[in-house]
Structures are given as C-alpha cells and as structure tokens.
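A short worksheet on the structure shown next.
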Amino acid sequence: MVWVAGADGCRRGWFRASRETRTGELRFDVHEKPSGLLRTAPSPRVLGIDIPIGLPDQGRRACDEAARGVLGPRRSSVFAAPIRAALRAASREEASRITFARDGRRVSTQAWGIYPKVRSVDALLTVSPEARARIREVHPEVCFWAWNAGQPMPASKKTRAGRLRRRRHVEGWLGAGVVAAARRLYARRDVADDDILDALAALWTATRIVAGQARTLPAVPPVDSTGLRMEIVY
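In terms of our numbering, the sequence shown is residues 6 to 239.
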C-alpha cells in the first residue's frame with residue numbers, strides 16, 4: 006500500500022488528509038507536531054505541506070516570486086519566507102530587526118504568525134534525513150492554479166464563492182461529500198473550512214509527485230545553506 010498525504014496548518018496544529026493511491030481510501034486527522042504527520046499511520050511516502058521549507062540567508066526566494074507571478078489576484082496569499090538568521094527570533098520586533106539589517110524590510114504580523122510552524126518543520130528536517138526525503142513544500146493557491154488549467158482562482162478562499170469553486174475541484178477528483186466528511190470530524194474552532202480545502206489541494210500535489218507528474222517553481226530549484234530545496238511543488 007502506498008499512502009500520500011497533504012497537510013495544512015490549523016489552530017490545533019496540522020490537519021492531514023491521507024489517501025491510499027491504489028484503493029483511493031481517505032483518512033483525516035490532526036497532529037500537534039509535524040513529526041506526527043510522517044510517523045503516525047498511515048505513514049505517507051510523500052507529504053505535501055503548506056509551509057516554507059528552504060530558507061534564504063537574505064532576500065526573497067525565487068519560488069515565492071514565481072508563485073506571486075502566476076497567482077495574479079491571489080498573490081497576497083504568498084508570504085515572504087523568513088530569512089534563516091531571523092527564524093529563531095523571540096519576538097516579531099527582533100525578527101524585524103534582523104531582517105531589516107540584512108534585507109531592508111520588516112516582518113509583518115501575518116508573516117510572523119507562521120514562524121512557529123516554520124521553526125518546527127525546519128527542526129524536524131534538520132535532524133531527519135527521512136523527513137527530507139518525504140516532505141515537499143506546496144502552496145495551496147498554486148495547487149489550485151495548476152488544477153484550474155493554469156488560471157488563478159477568481160475569488161478568495163475566505164469567501165463563499167471561493168470555497169465553492171475550490172470544493173468543485175476537490176470533489177471532481179475525490180467525489181461528492183468528501184469535504185463534508187472531513188468537516189464533520191472537527192469543530193470549526195479547531196479546523197477551518199479553508200484548512201480542509203488547502204490540505205486536500207496539498208494531497209492532490211502529493212499524488213502527482215508519487216505519479217511523477219509534479220512540477221516545481223522554479224523549474225530548477227536552488228538549495229539553501231543547509232541543503233534544503235527552495236521550491237514550491239504543484
């Protein structure tokens with residue numbers, strides 16, 4: 006059996022959507038730590054995760070700039086990845102000071118909000134060669150862009166129209182009722198509607214990776230100072 010998974014950050018940690026590639030069996034669960042996404046059954050051969058992985062020493066990543074370029078009206082969904090020197094900062098103010106000294110830019114409140122999850126995934130990748138081999142960075146809006154014939158989604162995922170449009174892509178692949186089945190398992194205060202849709206988009210890309218159909222932004226990804234690819238897979 007070959008399982009693949011997609012994960013998106015949620016209030017309780019990480020929401021994971023898993024699928025067995027031969028039978029199509031689906032499972033949904035939540036994990037507090039990223040290590041659980043890999044080690045808890047069903048353990049995926051590939052995990053697509055919505056979080057920056059390879060981190061620059063300074064400047065912006067080419068994959069983020071490429072993603073903004075293809076997403077058009079959805080470009081604001083791509084946050085600037087932390088520079089590595091700022092990753093361990095104890096506060097947004099400290100991260101901003103470090104980033105400004107290297108790049109001349111500040112760290113926004115929204116961008117700072119993802120730092121804890123970036124740190125946790127980076128820590129796992131630092132100590133685990135297995136995790137490096139199995140975890141790939143995705144961005145849900147890039148997944149939906151590819152799914153939508155190379156066109157950005159016309160409405161934000163925070164709107165009813167945007168959720169319905171994304172749901173149509175997901176259910177066209179996995180069948181009617183799949184989103185509702187995941188929704189019934191968790192309260193919205195723990196897992197938001199868009200967390201479910203984003204994890205399923207990441208699962209779609211993980212399936213493409215295993216099938217040898219996935220592509221990356223940029224086409225030839227550079228690596229960071231620790232050897233991690235700076236890429237967004239779709």
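Every residue, glycine too, gets a C-beta built ideally from N, C-alpha and C.
Start and end of the beta strand (DSSP E) containing residue i?
| i | result |
| --- | --- |
| Ala-181 | Ala-181 -> no beta strand (DSSP E), and no H or E assigned at all. |
| Asp-13 | 8-15 |
| Arg-141 | 140-142 |
Could you check how far apart the C-beta atoms of residue i and residue j are, in whole angstroms? I think they sit under 8 Å.
| i | j | result |
| --- | --- | --- |
| His-241 | Ile-237 | Since the first and last residues shown for the chain are 6 and 239, residue 241 lies out of range. |
| Leu-60 | Leu-92 | 7 Å |
| Lys-162 | Arg-171 | 6 Å |
| Leu-52 | Ala-12 | 6 Å |
| Ile-58 | Glu-142 | 4 Å |
Just tell me which of the options has its CA closest to the CA of residue i.
| i | options | result |
| --- | --- | --- |
| Arg-79 | Trp-150, Leu-233, Glu-98 and Pro-47 | Trp-150 |
| Leu-190 | Phe-20, Val-9, Trp-8 and Phe-84 | Phe-20 |
| Pro-87 | Ala-95, Thr-104, Leu-205 and Leu-76 | Thr-104 |
| Pro-179 | Gly-18, Leu-31, Met-235 and Gly-11 | As written in the sequence, residue 179 is Leu, which differs from the Pro given in the question. Measuring from the Cα of Leu-179, the nearest candidate turns out to be Leu-31. |
| Val-123 | Ala-204, Arg-89 and Glu-146 | Arg-89 |
Under DSSP, the alpha helix (DSSP H) around residue i begins and ends at which residues?
| i | result |
| --- | --- |
| Gly-118 | 114-118 |
| Asp-108 | 97-108 |
| Glu-236 | No alpha helix (DSSP H) contains Glu-236, which DSSP labels as neither H nor E. |
| Val-145 | Looking at the sequence provided, one finds Pro at residue 145 rather than Val. Segment 145-152, the alpha helix (DSSP H) holding Pro-145. |
> Taking three-plus beta-carbon pairs below 8 Å as touching, is the region 20-31 in contact with the region 42-57?
Replying inline: yes
> Can you give, in chain order, each stretch of the beta strand (DSSP E) that sits fully within the region 6-92 and has at least 3 residues?
Replying inline: 8-15, 18-25, 31-36 and 51-54
>> Does the structure place the region 184-202 close enough to the region 122-142 that three or more beta carbon pairs sit under 8 Å?
In response: no
>> Quick check for students: name the residue ranges of the alpha helix (DSSP H) that lie wholly in the region 171-221, counting only runs of 4 or more.
In response: 183-188 and 198-216
>> Counting beta carbon pairs with one atom in the region 33-40 and one in the region 106-114, are three or more of them shorter than 8 Å?
In response: no
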